[in-house]
Amino acid sequence: MSDDPVLLITGASSGIGASTARRAAAAGHRLVLAARSKDKLDELARELGGPDRAIAVATDVTEWDDNEALIAAATDAFGRVDVVFANAGFGATRGWLEESPEHWRAMVLTNVLGAAYTVRAAIPALKSSRGHVVLTGSVAGRRVLPGSLYSCTKWAVNAMAEAVRADLVDTGIRTTLLSPGAVQTPFFDDPAEGRLDPDDIARAVLYAIEQPPNVDVNEIAIRPVGQAV
Ligand code: NJP
16 MSDDPVLLIT GASSGIGAST ARRAAAAGHR LVLAARSKDK LDELARELGG
66 PDRAIAVATD VTEWDDNEAL IAAATDAFGR VDVVFANAGF GATRGWLEES
116 PEHWRAMVLT NVLGAAYTVR AAIPALKSSR GHVVLTGSVA GRRVLPGSLY
166 SCTKWAVNAM AEAVRADLVD TGIRTTLLSP GAVQTPFFDD PAEGRLDPDD
216 IARAVLYAIE QPPNVDVNEI AIRPVGQAV
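Here the sequence shown is numbered in this note's numbering, starting from 16 and rising by one per residue.
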């Protein structure tokens, strides 16, 4: 079996997750691709070299059993997990009277509990590999945005990154919080000028996870030039 490092990505079916998978595959990582859209994951896994190099695992990160099954599928296929990129998430229109209560519930469960579940499920495997946790926060998790419950979920992810880092500091596991500004992905309903490309974030993930083993890159914030908030 190959000894190449194994990167597991939630939210791998599009946007930042899919771009990171492509860049990491080109850099020699084996990939475990997770999201709910199995068809998209299967297509990406094929593109990245098939079962020896990339596997697709249908996962709803809000379900604990799915997270456990995801880590089991990763270790069954590749024997190890080196990096867990808890990236699945989505937004909501700003305004405390916008969106439905059901949308809010799904967003909070996905962005906060989902990320926490993925990390929790992965810890035993990461302890074995002296691995790495990468979390997708947001610049919206560093500023208070009027009417944004999404911003509140990313404040929670911001706190989660430090809570996890401090908890695991004696295990050799590294922790990175990525805080992107606006990135042109299906996160937005409409395209707009002046956003980052998802590959701009993928390069930052690769920067963090390819450091020498004694270097722990804890936070990276990336905005497109000209983004004010
Ligand atoms: O968006 P998109 P991004 N279980 O829509 C998955 C954050 N961020 O790449 O399940 C499992 O292309 C969904 O897949 P599917 C953002 O908050 C973005 O921009 O098949 N997976 C898809 O793969 C998020 O945390 C911007 O529908 C679930 C992925 O999540 C991360 O970046 C700025 C799921 C979303 O991909 C990636 O978003 C920023 C579930 N329950 C932070 N629910 C930005 N784009 O501007 C969703 O600061 N997914």
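The C-beta atom is built at its ideal place from N, Cα and C for all residues, glycine as well.
Integer-rounded CB distance, given that residue j should sit under 8 Å from residue i
i      : j      : result
Val76  : Thr151 : About 12 Å; that fails the 8 Å criterion.
Arg157 : Ala236 : 7 Å
Ala69  : Arg45  : 7 Å
Asp97  : Gly43  : Actually they are not in contact, since the Cβ atoms of Asp97 and Gly43 sit about 12 Å apart, beyond 8 Å.
Ala136 : Leu85  : 7 Å
Ala155 : Lys169 : 5 Å
Between the CA atoms of residue j and residue i - distance to the nearest angstrom
i      : j      : result
Asp91  : Pro201 : 31 Å
Ala49  : Glu234 : 23 Å
Tyr165 : Met122 : 7 Å
Glu83  : Val72  : 11 Å
Gly196 : Val149 : 17 Å
Thr191 : Gln226 : 12 Å
Glu58  : Ser29  : 11 Å
Ala88  : Leu128 : 21 Å
Pro213 : Asp182 : 30 Å
Trp79  : Pro20  : 25 Å
Val232 : Ser52  : 31 Å
Leu112 : Thr186 : 44 Å
Glu99  : Pro116 : It is worth fixing the name first, because residue 99 is Val in this sequence and not Glu. If you take the alpha carbons of Val99 and Pro116, they lie about 30 Å apart.
Ala33  : Asp204 : 18 Å
Ala207 : Val198 : 10 Å
Ala140 : Arg95  : 7 Å
Arg109 : Phe93  : 41 Å
Val240 : Leu193 : 17 Å
Gly209 : Met16  : 44 Å
Asn229 : Glu114 : 44 Å
Asp81  : Ser144 : 22 Å
Ile188 : Pro161 : 35 Å
Leu56  : Thr133 : 18 Å
Cys167 : Val159 : 8 Å
Distance cut-off 7 Å: residue i Cβ against heavy atoms of ligand 1
i      : result
Asp75  : yes
Gly209 : no
Arg157 : no
Val198 : yes
Arg51  : yes
Ile70  : no
Val123 : no
Ile31  : yes
Asn173 : no
Val154 : yes
Ala103 : yes
Thr151 : yes
Ser143 : no
Thr190 : no
Gly129 : yes
Ala27  : yes
Closer than 7 Å: residue i CB and nearest ligand 3 heavy atom
i      : result
Pro239 : Of the ligands one can find in the structure shown, namely ligand 1, none is ligand 3.
4-residue-minimum alpha helix (DSSP H) runs that sit fully inside the region 111 to 175, ordered along the chain: Within the region 111 to 175, the complete alpha helix (DSSP H) runs of at least 4 residues are 116 to 123, 130 to 144.
Three CB pairs or more closer than 8 Å across the region 207 to 226 and the region 163 to 183: Cβ pair count under 8 Å is below three, so no.
4-residue-minimum alpha helix (DSSP H) runs that sit fully inside the region 26 to 105, ordered along the chain: You should have 30 to 41, 53 to 62, 79 to 93.
At least three beta-carbon pairs within less than 8 Å, the region 102 to 117 to the region 63 to 73: With the rule of 3 Cβ pairs closer than 8 Å, the region 102 to 117 does not count as touching the region 63 to 73.
Three or more C-beta pairs below 8 Å linking the region 33 to 49 and the region 201 to 217: The region 33 to 49 makes contact with the region 201 to 217: 3 or more CB pairs, one atom from each, lie closer than 8 Å.
Sequence ranges, beta strand (DSSP E) only - wholly within the region 182 to 230, length at least 3: The qualifying runs are 189 to 195.
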